[in-house]
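Written out below as structure tokens is the structure these notes cover.
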Amino acid sequence: MLISGLFAMSLDVLVGYAGLPSLGHAAFFGVGAYSFALVAK
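For the sequence shown, this note's numbering gives the first residue as -9, with consecutive numbering after it.
Rendered as structure tokens:
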């Protein structure tokens, strides 16, 4: 839950204030979720 909140806040800062759509954060978040799903399986 905390990591999701940090992800949302950092994405809000990049897109909202800086106007930079960064997909790097989403890629790291997705890789982490995918690897966790593989390990938890």
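From the three backbone atoms N, C-alpha and C, an ideal C-beta is built for every residue, glycine too. Nothing here was measured: the structure is a model prediction, and the numbers come from that model.
- Item | Local conformation of residue 9 per DSSP, three classes | Numbered from 1 along the sequence shown, position 19 holds the residue referred to as residue 9. Of the three classes helix, strand and coil, the one that applies to residue 9 here is coil, per DSSP.
- Helix, strand or coil for residue -9, going by three-state DSSP, please let me know. In the sequence shown, counting from the first residue as 1, residue -9 sits at position 1. Residue state, collapsed to three classes: coil.
- Rounded to whole angstroms, what's the CA-CA distance from residue 24 to residue 17? Just pull it up for me. Working through the sequence shown from its first residue, we reach residue 24 at position 34. Working through the sequence shown from its first residue, we reach residue 17 at position 27. Cα to Cα, the separation comes out at about 10 Å.
- The alpha helix (DSSP H) with residue 29 in it runs from where to where? For the purposes of this step, residue 29 is taken as the residue at position 39 of the sequence shown. It spans 14 to 30 - the alpha helix (DSSP H) in which residue 29 sits, taken as one unbroken run.
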